[in-house]
Amino acid sequence: MKKYIIAGNWKMHKTIKESEEFIFQLNARLISNPYRQILLCVPFTMLHAASEAAQNSPIQIGAQNMHFEEKGAFTGEISPVMLKDAGSNHTLIGHSERRILFGETNEDINKKIKAALKFEIMPILCVGESLEEREAGKLQSVLQTQVEKALDGVSATDVEKIVIAYEPIWAIGTGKTASAQDANYAHEIIRNILEKKYNAELAKNMLILYGGSVNPDNIAQLMCMPDINGALVGGASLDVESFTKLVNFTPRKSCGFDDLIHS
Ligand code: PGA
C-alpha cells in the first residue's frame, strides 16, 4: 500500500468565513480514498475555525510556520502549544518564502523541527534550490545542507514522524513545474541523504511531497513517479474547484497503487 498526502498551502489568503465555506464544499465533494491524507495549511487566524469546520471530515488542518519556544517574549510569534490549542497537529517548516523573505536559517528550522516533534506536531520540512543554484550544478549540495542541518540531532524514531516537501524555488508560483523526472531525481537525492544519515528502510518509507506549480493537469504525471508521495500545492489550493480535482485525482494501479483505487 502506497500512502500519499495532498497538502494545500494557503499562504496569506482567505478569511475565516471563506475557510469554513471552502472546507464545507471540499468535504461535500470528496471521493473516499484510503491511501490519501488531505491537509490544508492555513493562516493562524483561521486555524481554530478551520479545525472546527473540518471535524468529522478527512480534512486535516495545519499551520504554515511556528516558533520553536513554548512561550515567552517573542512578539508576534505563535508557539507549538498555541497551534495545538487551536486544534492543529501539523505545520509547514522552512518554506522557501520563510527562508527568503523572513530570514529563517537552517539553524532556526532545526530548532522548529525539534520543537514540533517535542509537542507532537507533524512537521512538513520544506527544502529546495533556487534557479541560480540549479544552474550552477548545486542541487545535490543545497539539498544535502538543508536536509542535514534541519535534521541535525533528530533520531531515526523521530524522523519517521516528519514529512519532507521538495519545492524548487523556481517552480513556486511561477507556473513552471519541474518535470516529473526532474522532481523524482531530486526526491531520490533526498532519499540517498536520508539513507546515509539513517538507513535504507527508513529512507524508503519517508513521505516526500513535491511542490511548485502543481495543478489538476500535472498531478497524475507527478504522482506516477516512484519517489513522489504527494503534493504541496499553493495557488491551485485556493480555488475549491481545482483543489477538489487535485484531491479527487485517482492514482493508477500501474503507478504502484493497488486495486482499492479504480485504475
Ligand atoms: P505554488 O506554491 O503551488 O503556487 O507554486 C507551492 C508552495 O509554495 O508551497
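Under the numbering used here, the residue at position 155 of the sequence shown is numbered 138, and the numbers go up by one with no gaps.
Ideal Cβ positions, reconstructed from N, Cα and C, are used throughout, including at glycine.
Within the segment -16 to 15, the complete beta strand (DSSP E) segments of 3 residues or longer fall at -13 to -8, listed in chain order. In the three-state DSSP reduction, Pro106 falls in the strand class (E or B). Looking at Gly70, Arg82, Val142 and Lys0, the one whose alpha-carbon comes closest to that of Ala186 is Val142. Going by DSSP, Tyr168 is part of the alpha helix (DSSP H) stretching over Ala163 to Lys180. With 16 or more other Cβ atoms inside 10 Å of its own Cβ, Phe51 counts as buried. The Cβ-Cβ distance between Ser79 and Ile21 does not fall below 8 angstroms. Bridge pairing for Leu22: Ala(-10) and Gln43 [DSSP]. Only buried fits Leu108, as 16 or more other CB atoms lie within 10 angstroms of its CB.
Distances from the CB of Glu118 to the heavy atoms of the ligand PGA are all 7 angstroms or more. For Val216, the enclosing beta strand (DSSP E) starts and ends at Gly213 to Val216. Here Lys(-3) has Phe5, Val25, Pro26, Met29 and Leu221 as same chain residues with Cβ atoms under 8 angstroms from its own Cβ, once five neighbours each way along the sequence are excluded. Counting C-beta pairs closer than 8 angstroms gives three or more between the segment 89 to 101 and the segment 38 to 56, which meets the contact rule.
One Cα belongs to Val223, the other to Ala99, and the distance between them is close to 29 angstroms. Remark: the C-beta of Gly70 is outside contact range of the ligand PGA, defined as less than 7 angstroms to any heavy atom.
For His73, the enclosing beta strand (DSSP E) covers residues His73 to Ile76. Following the DSSP letters along the chain, one finds Ala148 inside the beta strand (DSSP E) bounded by residues Val146 to Tyr149. Residue state for Ile92 is assigned as helix, using DSSP reduced to three classes.
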